[in-house]
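See structure below.
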Amino acid sequence: MSLISIEDLHVHFISRGIDNQLMTAKALNGVSFSVEAGQVMGIVGETGAGKSLTANSILGLLRPPAKIVKGRILFNGEDLRVIDQGSTSIRGKLITLIPQSPKTSLDPTTKIGDQLIRIQVEHGTASGSDAHARALNMLEQVQIPDPLRRMNAWAHELSGGMAQRVLIAASLINSPKLVIADEPTTGLDLTVQAEVLDTLRKLVKSSNMSSIIITHDLGIVAHYCDRMAVMFAGSVVEEGSVVSIFKNPLHPYTQSLIASTPKQIAKNGYKRINKGPPDLYNLGSGCLYKDRCHKAQSICDTAPQLLSLDLGHKTLCHFPGPSTNA
Amino acid sequence: MHNPLIELCDLTKTYPSAGFDKVLAVDHVSLKINSGESVGLVGESGSGKSTIGLLISKLIPVSSGRIYFEGQDITDLSEKKMRSLRSDIQIVFQDPWGSINPRFPIRRTLSEPFILHTDFSSSECDREVKRLADRVQLPQSTLERYPHELSGGQLQRVSIARAIASKPRFLIMDEPTSSLDLSVRAGILELLNDIRRETGLTLLLISHDLDTVELMTERLIVLYLGRVAEMGRTSDVLSNPVHPYTQTLISSNLQPDPNVDLKRIKVNGEIPSPLNAPKGCLFGSRCPLFKADCALKSPPLVELSDSVGKSPNHLAACIRVQDFSFKIL
Numbered sequence: 000m001s002l003i004s005i006e007d008l009h010v011h012f013i014s015r016g017i018d019n020q021l022m023t024a025k026a027l028n029g030v031s032f033s034v035e036a037g038q039v040m041g042i043v044g045e046t047g048a049g050k051s052l053t054a055n056s057i058l059g060l061l062r063p064p065a066k067i068v069k070g071r072i073l074f075n076g077e078d079l080r081v082i083d084q085g086s087t088s089i090r091g092k093l094i095t096l097i098p099q100s101p102k103t104s105l106d107p108t109t110k111i112g113d114q115l116i117r118i119q120v121e122h123g124t125a126s127g128s129d130a131h132a133r134a135l136n137m138l139e140q141v142q143i144p145d146p147l148r149r150m151n152a153w154a155h156e157l158s159g160g161m162a163q164r165v166l167i168a169a170s171l172i173n174s175p176k177l178v179i180a181d182e183p184t185t186g187l188d189l190t191v192q193a194e195v196l197d198t199l200r201k202l203v204k205s206s207n208m209s210s211i212i213i214t215h216d217l218g219i220v221a222h223y224c225d226r227m228a229v230m231f232a233g234s235v236v237e238e239g240s241v242v243s244i245f246k247n248p249l250h251p252y253t254q255s256l257i258a259s260t261p262k263q264i265a266k267n268g269y270k271r272i273n274k275g276p277p278d279l280y281n282l283g284s285g286c287l288y289k290d291r292c293h294k295a296q297s298i299c300d301t302a303p304q305l306l307s308l309d310l311g312h313k314t315l316c317h318f319p320g321p322s323t324n325a
Numbered sequence: 000m001h002n003p004l005i006e007l008c009d010l011t012k013t014y015p016s017a018g019f020d021k022v023l024a025v026d027h028v029s030l031k032i033n034s035g036e037s038v039g040l041v042g043e044s045g046s047g048k049s050t051i052g053l054l055i056s057k058l059i060p061v062s063s064g065r066i067y068f069e070g071q072d073i074t075d076l077s078e079k080k081m082r083s084l085r086s087d088i089q090i091v092f093q094d095p096w097g098s099i100n101p102r103f104p105i106r107r108t109l110s111e112p113f114i115l116h117t118d119f120s121s122s123e124c125d126r127e128v129k130r131l132a133d134r135v136q137l138p139q140s141t142l143e144r145y146p147h148e149l150s151g152g153q154l155q156r157v158s159i160a161r162a163i164a165s166k167p168r169f170l171i172m173d174e175p176t177s178s179l180d181l182s183v184r185a186g187i188l189e190l191l192n193d194i195r196r197e198t199g200l201t202l203l204l205i206s207h208d209l210d211t212v213e214l215m216t217e218r219l220i221v222l223y224l225g226r227v228a229e230m231g232r233t234s235d236v237l238s239n240p241v242h243p244y245t246q247t248l249i250s251s252n253l254q255p256d257p258n259v260d261l262k263r264i265k266v267n268g269e270i271p272s273p274l275n276a277p278k279g280c281l282f283g284s285r286c287p288l289f290k291a292d293c294a295l296k297s298p299p300l301v302e303l304s305d306s307v308g309k310s311p312n313h314l315a316a317c318i319r320v321q322d323f324s325f326k327i328l
């Protein structure tokens, strides 16, 4: 059984326009993937593809107008949707989040150490001197120099990389089963980014946790993840092991993403992409990528079936396989 | 040898800090950019790369040193005299949302350069704006829209259109693609490449993305804490980095290919605050090869000698530059 499996998740944003008409933005359109224990999963895709929304759905952080209209999220076989949304027994304890902007995600009015202690007390995992010792130990594990002094530091005294390390410590302090990192290193410098990711991966792997890393940087996925899912317009268009997707990308969108990296441009020249992401308020039928796809034919007006290949490499396309006009 | 288009001599920028302290944002930087060249400027945050862009475009005053444009000293040029040069030196900022007037429709934003720098009639102006929009592949319908109605990629195209409107000779781009999606990014880079080919524009590309710089530039300057650590032809610097900092930077760059091995160089901590920069070599506090003599004095930029597998104009500021045994990668 997978640690977490998402089955056909649909999330809509339902709101009223100024003309009092109901408007529905179909933000997630049948997202399915699963993460095994001990695995690091990378989710890539462009802005608006639904990467963070998927994470927020898992964490039960959706607020109106966002609404799960269909699908299930199973965590250890339990449907997360039936668990009370305000519950602290899973969120923050068994499933934790490393947010995107480290500087704004720490409480500016509480010392670092107290924040780390409070996380444990709130979730009932430790208290008193145990919680203090554990906080200190976590800061050591994420390689913060002079951790005892940092326990008394304020958030504004930390550099970006240091703040991100504190957030990693905070997300791991309750020994979760799943850590979701939402663009964990955007805004950090190259040298710092690599070290923060090294630390994260080492800690996740050493305690057999699972992790979902949301990013738009294919380099991070290539080196820090075991499996990856490529999202487009609220659906997973390709999923598989990192090695097999980079070696043999099947979906035209995955191919275009890889072709857009400067290294590939230097090798093969620019590939023209004419259109932006589709309008979520007015999604067409059939394959959502067809307007941008160079392979699109009339059959693409019907929804493609998920095609499974060996080793769990899956894709959602009528014409999977090597690019024909490469 | 013709005059370089841009020349910086001992350029320094200090910012006042609490008490009598001063922050050295740019520390005695000298460099030349030839006409038609495309030069990359890389470094971590706080390395002074954006400050150099602002100094050259004269948006902030220089503390000491000189800036020459085509041999003419423009360091102390008055705002009024500078105005005629503004059409020649243009800058595109990192954040398109913050650098385009939110209360102007795009047409007005794009007309502004013509109103300022030419005496076009309004119909000529309109025609030029349309041409510009076509040039950067913006649909004509966007001209009537306001910035908040456009996507990031479209807005960055507006920024580029505005910058090339006055037919500049020198274009500074401060992280033009870092806030954009990968597929959108490729389109912007292609556009820049086309514009360069058509107009022979000289480009200074400020970036922290080594892959983008490799694709777009011929020469590369690596900055660390406001000083030049290494410079040379982009291909030389990236394939044969000499300064330990450049080597570290390259080793931290994650190639989007799981089959490329990571050869990570471990450094100590993060870039120090310019307020308590280390003595001598600035990279000393993090350098894996640090020895006591590194802290004695600031290492000068020297050209690599033949024995080091050199190439012309490849310079590095490290006292161990000549003994090549320190190659870490």
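Protein chains in written order, with numbering that gives the first Met the number 0: chain A, 0 to 325; chain B, 0 to 328. Using N, Cα and C, we set each Cβ at its ideal position, and we do this for glycine too.
DSSP-derived helix/strand/coil call for residue 106 of chain A: In the first sequence, residue 106 of chain A corresponds to position 107, counting from 1. Residue state, collapsed to three classes: coil.
DSSP bridge partner residues for residue 231 of chain B (one or two, in chain order): For this step, residue 231 of chain B is matched to residue 232 along the second sequence. BP columns for residue 231 of chain B point to B:219.
is_contact[residue 263 of chain B, chain A] using C-beta, thresh 8 Å: Against the second sequence, residue 263 of chain B aligns to sequence position 264. Yes, residue 263 of chain B counts as interfacial toward chain A.
Interface partners of residue 233 of chain A on chain B, CB under 9 Å: Here the question's residue 233 of chain A lines up with position 234 in the first sequence. Result: empty, since nearest Cβ-Cβ is about 15 Å, beyond 9 Å.
According to DSSP, simplified to helix, strand and coil, what is residue 292 of chain B? Position 293 of the second sequence holds residue 292 of chain B. Helix at residue 292 of chain B.
Which residues in the same chain as residue 299 of chain B place their Cβ atom closer than 7 Å to its Cβ, once the five residues preceding and following it in sequence are excluded? If you number the second sequence from 1, residue 299 of chain B lands on position 300. Correct list, in chain order: 316.
Extent of the continuous beta strand (DSSP E) run through residue 41 of chain B: The residue given as residue 41 of chain B occupies position 42 in the second sequence. Its beta strand (DSSP E) spans residues 37 to 41.
Report back the beta-carbon spacing between residue 31 of chain A and residue 235 of chain A to the nearest angstrom; my notes put them in contact at under 8 Å. Here residue 31 of chain A refers to the residue found at position 32 when the first sequence is read from its first residue. Here residue 235 of chain A refers to the residue found at position 236 when the first sequence is read from its first residue. Confirmed, Cβ separation roughly 6 Å.
Residue 204 of chain B and residue 39 of chain B - do their beta-carbons sit closer together than 8 Å? Your numbering for residue 39 of chain B matches position 40 in the second sequence. Your numbering for residue 204 of chain B matches position 205 in the second sequence. Yes, these two residues count as a Cβ contact at 8 Å.
My assumption, with CB atoms under 8 Å, is that residue 43 of chain B sits in contact with residue 104 of chain B. Please give the rounded CB distance. Residue 43 of chain B sits at position 44 when you count from the first residue of the second sequence. Residue 104 of chain B sits at position 105 when you count from the first residue of the second sequence. Not a contact, Cβ separation roughly 38 Å.
Give the secondary structure of residue 364 of chain A by DSSP, where H, G and I count as helix, E and B as strand, and everything else as coil. Residue numbering for chain A in the displayed model covers 0 to 325; residue 364 of chain A lies beyond these limits and cannot be assessed.
Tell me, please, which residues DSSP counts as bridged to residue 23 of chain A. Position 24 of the first sequence, counted from the start, is the residue given in the question as residue 23 of chain A. Its beta-bridge partners are A:13.
Can you tell me whether residue 2 of chain B is helix, strand or coil according to DSSP? Numbered from 1 along the second sequence, position 3 holds the residue referred to as residue 2 of chain B. In the structure shown, residue 2 of chain B sits in coil (DSSP, three-state: anything other than H, G, I, E or B).
Option nearest residue 225 of chain A by Cα separation, candidates A:27, A:0, A:69, A:36: Position 226 of the first sequence, counted from the first residue, corresponds to residue 225 of chain A. The candidate whose alpha carbon is nearest that of residue 225 of chain A is A:36.
Per DSSP, the bridge partner or partners of residue 95 of chain A: By 1-based counting over the first sequence, the position of residue 95 of chain A is 96. According to DSSP, residue 95 of chain A bridges with A:178.
Could you give the distance in angstroms between the alpha-carbon of residue 171 of chain B and the alpha-carbon of residue 141 of chain B? To locate residue 171 of chain B, count along the second sequence from 1; it is residue 172. To locate residue 141 of chain B, count along the second sequence from 1; it is residue 142. Roughly 25 Å separates the two Cα atoms.
If contact means a Cβ-Cβ distance below 9 Å, which residues of the segment 154 to 184 of chain A contact chain B? 158, 159, 160, 161
Contact defined as beta carbons within less than 8 Å: I believe residue 55 of chain B pairs with residue 66 of chain B. What is the distance between those atoms, to the nearest angstrom? Start at 1 with the first residue of the second sequence, and residue 55 of chain B comes out as number 56. Start at 1 with the first residue of the second sequence, and residue 66 of chain B comes out as number 67. Contact flag correct, Cβ pair sits at about 6 Å.
For residue 183 of chain B, report the span of its alpha helix (DSSP H) as first-last. The residue you call residue 183 of chain B lines up with position 184 of the second sequence. 181 to 198 is the extent of the alpha helix (DSSP H) around residue 183 of chain B.
Looking at C-alpha atoms only, which residue of B:234, B:163, B:242 is the closest neighbour of residue 226 of chain B? Along the second sequence, one-based indexing puts residue 226 of chain B at 227. Residue 226 of chain B has its Cα closest to that of B:242, out of B:234, B:163, B:242.
Considering only the beta carbon of each residue, do residue 41 of chain A and residue 220 of chain A sit closer than 8 Å? Sequence index remark: in the first sequence, residue 41 of chain A carries index 42 (1-based). Sequence index remark: in the first sequence, residue 220 of chain A carries index 221 (1-based). A contact, by the Cβ cut-off of 8 Å.
Could I get the ranges of all uninterrupted beta strand (DSSP E) runs contained in the segment 275 to 314 of chain A, with 3 residues as the minimum, in chain order? 305 to 307
With DSSP collapsed to three states, give me the class of residue 69 of chain A. By 1-based counting over the first sequence, the position of residue 69 of chain A is 70. Residue 69 of chain A: strand per DSSP, three-state reduction.
Quick one, are the C-beta atoms of residue 269 of chain A and residue 189 of chain B less than 8 Å apart? Here residue 269 of chain A corresponds to residue number 270 of the first sequence, with the count starting at 1. Here residue 189 of chain B corresponds to residue number 190 of the second sequence, with the count starting at 1. Cβ distance < 8 Å, so residue 269 of chain A and residue 189 of chain B count as in contact.
Can you name, in chain order, every residue of its own chain whose Cβ lies under 7 Å from the Cβ of residue 16 of chain A, other than the five neighbours on each side? Your numbering for residue 16 of chain A matches position 17 in the first sequence. Taken in chain order, the residues that qualify are 22.
Spatial distance of residue 206 of chain B from residue 173 of chain B (CA atoms): On the second sequence, residue 206 of chain B is found 207 positions in, with the first residue counted as 1. On the second sequence, residue 173 of chain B is found 174 positions in, with the first residue counted as 1. Rounded to the nearest angstrom, the two C-alpha atoms are 7 Å apart.
How would you call residue 159 of chain B, buried or exposed, if buried means at least 16 neighbouring beta carbons within 10 angstroms? Working through the second sequence from its first residue, we reach residue 159 of chain B at position 160. With 16 or more Cβ atoms within 10 Å of its Cβ, residue 159 of chain B is classed as buried.
So residue 203 of chain A and residue 163 of chain A are in contact, right, with Cβ under 8 Å, and what is the actual spacing, rounded? By one-based count along the first sequence, residue 203 of chain A stands at place 204. By one-based count along the first sequence, residue 163 of chain A stands at place 164. No, residue 203 of chain A and residue 163 of chain A are not in contact; Cβ-Cβ is about 15 Å, not under 8 Å.
Residue 25 of chain B beta carbon less than 8 Å from that of residue 99 of chain B: Within the second sequence, residue 99 of chain B is the residue found at index 100, counting from 1. Within the second sequence, residue 25 of chain B is the residue found at index 26, counting from 1. Not a contact, by the Cβ cut-off of 8 Å.
Short of 7 Å Cβ to Cβ, which residues in the segment 246 to 261 of chain B face chain A? 247, 248, 251, 252, 253, 254, 255, 256, 257, 261
Would you tell me roughly how many angstroms separate the C-alpha atoms of residue 175 of chain B and residue 94 of chain B, rounded to the nearest one? Taking the first residue of the second sequence as position 1, residue 175 of chain B is located at position 176. Taking the first residue of the second sequence as position 1, residue 94 of chain B is located at position 95. Each residue's Cα considered, the two are about 8 Å apart.
Would you verify that the beta carbon of residue 17 of chain B is, or is not, closer than 8 Å to some beta carbon of chain A? Position 18 of the second sequence, counted from the first residue, corresponds to residue 17 of chain B. Closer than 8 Å: no.
Under 7 Å, CB to CB, which of the residues in the segment 163 to 181 of chain B have a partner in chain A? 180, 181
Whole-angstrom Cβ separation of residue 238 of chain A and residue 248 of chain A, contact assumed at under 8 Å? Counted from its first residue, the first sequence places residue 238 of chain A at position 239. Counted from its first residue, the first sequence places residue 248 of chain A at position 249. That belief does not hold up - the Cβ atoms of residue 238 of chain A and residue 248 of chain A are roughly 12 Å apart, past 8 Å.
Measure from the C-beta of residue 278 of chain A to each C-beta in chain B and report whether the shortest distance is under 8 Å. Here residue 278 of chain A is taken as the residue at index 279 of the first sequence, counted from 1. False, the Cβ-Cβ gap to chain B never drops below 8 Å.
For residue 279 of chain B, tell me which candidate among B:240, B:255, B:228, B:248 has the shortest Cα-Cα distance. By one-based count along the second sequence, residue 279 of chain B stands at place 280. Considering only alpha carbons, the answer is B:228.
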